[in-house]
């Protein structure tokens with residue numbers, strides 16, 4: 004059995020479907036043929052019983068041909084000189100002890116308990132099958148011999164009348180069933196080929212993508228069945244993969260472009276220092292100090308850019324390895340504000356922070372808040388003010404800088420995007436991209452808009468609660 008199952012599973016899907024359809028149809032045809040045979044047989048037997056009932060021999064006629072001991076005085080053989088084929092049935096008399104004699108016919112029939120019971124009771128009747136002395140099968144009707152207690156009359160006709168019809172029916176059903184099964188096999192193969200044609204197209208498409216890495220291939224979608232849904236899913240998958248590859252290539256290109264500028268400047272400054280050492284021409288102390296400061300700044304810029312790229316290389320699913328835990332957002336924001344004050348000591352940063360607890364990755368969220376505050380500090384005018392508020396999970400950071408033009412607002416979260424007016428300032432153009440992704444992974448939303456009266460307002464909304472969950476202590 005296991006070998007058959009393994010061999011079946013080893014067949015192509017098209018062959019398996021065709022075989023299953025053929026087997027199912029064969030089973031249905033066979034069941035229908037058997038049911039038809041039994042129905043016809045029962046109908047024929049019922050008709051034969053009706054014929055026997057109509058062919059009953061009158062008891063008075065039988066009594067005249069049976070002596071006092073129940074023995075037949077004379078047996079009438081069908082087709083003899085006295086009675087040429089008057090009777091088509093075999094008639095015999097049965098007593099309570101199983102004794103019997105033939106009145107009409109050539110062969111006697113076996114006596115069953117049904118016959119003796121009718122003779123004993125003297126009432127009722129019984130239909131049953133019996134075997135003649137030559138082995139032929141007969142259908143028998145036994146009923147009482149009125150006026151002669153203990154005797155009954157059995158009228159019988161051969162079952163060969165049914166067998167011939169049933170044999171012909173078996174032949175017809177066999178031929179029809181065979182044709183039906185062959186037709187079912189052909190139809191099953193056609194259905195399998197037609198039904199699996201979209202699957203073949205999908206297979207060819209997958210093989211083409213695997214062979215050529217062409218993600219622009221699309222499968223035509225027809226209808227709204229499962230195959231159409233599978234085609235749509237494949238098209239969506241290839242479109243997503245193509246978009247992901249394009250974003251990856253764009254990220255590599257943008258990263259290369261952003262890295263080229265500080266690396267070029269760093270190489271130029273180092274070459275100047277190296278040439279000074281090689282030629283023995285000393286660089287004036289002030290210029291040398293400026294060169295070293297420039298090298299330090301460029302290395303710092305490179306370190307920040309590489310850190311931002313590492314942050315963006317994390318999967319969007321949030322699987323960074325950091326533990327998600329309950330964090331006091333107000334304390335996290337207060338820590339970020341202290342760091343921002345170190346970057347802009349001449350600025351005034353006001354804070355109104357209501358308690359709010361969120362479930363996030365603390366390092367990622369802290370970095371995002373620091374990026375928001377860094378932008379506010381970077382674009383604030385000297386001795387300006389940055390206003391920070393936290394109310395019911397809504398963190399708002401507002402500066403009084405030059406603001407962002409309306410046509411540039413849709414691009415502020417794009418990777419490496421920098422406003423033309425800010426390209427001379429330090430930065431990688433990845434800060435707000437990191438903020439948007441971190442907030443999104445934390446289940447929140449972030450928006451950037453022009454503030455009333457000038458400046459920019461950044462709003463971060465995070466789900467949480469004003470009190471920590473029972474049994475959990477916030478990390479900050």
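In the working numbering, the protein residues as written are 4 to 479.
Quick reminder that beta carbons are idealized off the backbone N, C-alpha and C, glycines included.
Contact belief for residue i with residue j at Cβ below 8 Å, rounded distance in angstroms
| i | j | result |
| --- | --- | --- |
| residue 442 | residue 379 | Their Cβ separation, rounded to whole angstroms, is 16 Å, which puts residue 442 and residue 379 out of contact at 8 Å. |
| residue 390 | residue 450 | Between residue 450 and residue 390 the Cβ distance is about 16 Å, and since that is not below 8 Å, they are no contact. |
| residue 205 | residue 184 | Wrong, their Cβ atoms sit about 31 Å apart, outside the cutoff. |
| residue 96 | residue 154 | 6 Å |
| residue 409 | residue 453 | 7 Å |
| residue 129 | residue 118 | 7 Å |
| residue 480 | residue 244 | A question about residue 480 goes unanswered here, because the residues of the chain that appear run from 4 up to 479. |
| residue 298 | residue 269 | 6 Å |
| residue 327 | residue 364 | 6 Å |
| residue 202 | residue 230 | 7 Å |
| residue 375 | residue 460 | Contact doesn't hold; Cβ gap of about 11 Å is too wide. |
| residue 180 | residue 63 | The pair is not a contact, with the Cβ atoms about 52 Å apart (cut-off 8 Å). |
| residue 44 | residue 165 | 7 Å |
| residue 46 | residue 106 | That pair is no contact at about 30 Å. |
| residue 373 | residue 331 | Contact doesn't hold; Cβ gap of about 16 Å is too wide. |
Buried or exposed (CB count within 10 angstroms, at least 16 for buried), residue i
| i | result |
| --- | --- |
| residue 436 | buried |
| residue 84 | Because residue 84 sits at a pLDDT of 40, beneath the cut-off of 50, its placement in the model cannot be relied upon, and the following sentence gives the value as read from the coordinates. It counts as exposed. |
| residue 170 | exposed |
| residue 103 | buried |
| residue 175 | exposed |
| residue 49 | exposed |
| residue 67 | exposed |
| residue 133 | buried |
| residue 359 | buried |
| residue 232 | exposed |
| residue 241 | buried |
| residue 147 | buried |
| residue 69 | buried |
| residue 237 | buried |
| residue 496 | Because the chain in this structure spans residues 4 to 479, residue 496 falls outside the shown range and cannot be described. |
| residue 98 | buried |
| residue 57 | exposed |
| residue 246 | exposed |
| residue 234 | buried |
| residue 369 | buried |
| residue 151 | buried |
Same chain only: Cβ atoms within 7 Å of residue i, ignoring 5 sequence neighbours per side
| i | result |
| --- | --- |
| residue 377 | 343, 346 and 434 |
| residue 392 | 355 and 399 |
| residue 349 | 385 and 386 |
| residue 292 | none |
| residue 115 | 131 and 133 |
| residue 60 | 94, 156 and 158 |
| residue 447 | 463, 464, 465 and 466 |
| residue 252 | none |
| residue 281 | none |
| residue 333 | 356, 357, 358, 359 and 393 |
| residue 472 | 329 |
| residue 276 | 294 |
| residue 149 | 62 |
Close Cβ partners of residue i (< 6 Å) along its chain, the five nearest in sequence each way excluded
| i | result |
| --- | --- |
| residue 404 | 382, 383 and 458 |
| residue 214 | none |
| residue 279 | 286 |
| residue 53 | none |
Identity of the residues DSSP links to residue i by a beta bridge
| i | result |
| --- | --- |
| residue 286 | Bridge partners of residue 286: none, in fact. |
| residue 131 | 143 |
| residue 399 | 392 and 462 |
| residue 449 | 463 |
| residue 112 | 135 |
| residue 468 | 360 |
Cβ shell of residue i (< 8 Å), same chain only, five flanking positions each side left out
| i | result |
| --- | --- |
| residue 141 | 93, 112, 132, 133, 134, 135, 159, 160, 161 and 162 |
| residue 137 | 110 |
| residue 23 | 191 |
| residue 40 | 169, 172, 173 and 176 |
| residue 74 | 104 |
| residue 469 | 357, 358, 359, 360 and 395 |
| residue 25 | 184, 187, 188 and 191 |
| residue 273 | 298 |
Residue i: CB within 7 Å of a non-hydrogen atom of the ligand PLP
| i | result |
| --- | --- |
| residue 286 | With respect to the ligand PLP, the structure shown offers nothing to examine, as it has no ligands at all. |
**Report entry** alpha helix (DSSP H) segments (min. 4 residues) lying fully within the region 154–240
**Finding:** Contiguous alpha helix (DSSP H) elements confined to the region 154–240 occur at 163–198 and 200–215, taking only those with 4 or more residues.
**Report entry** Complete runs of the beta strand (DSSP E) confined to the region 314–397 [at least 3 residues]
**Finding:** Every beta strand (DSSP E) of 3 residues or more that sits fully in the region 314–397 is shown, in chain order, as 328–331, 351–356, 360–363 and 388–394.
Query raised in the report: Fully enclosed by the region 26–76, which alpha helix (DSSP H) runs are 4 residues long or longer?
Result: Segments of the alpha helix (DSSP H) lying fully in the region 26–76: 62–66.
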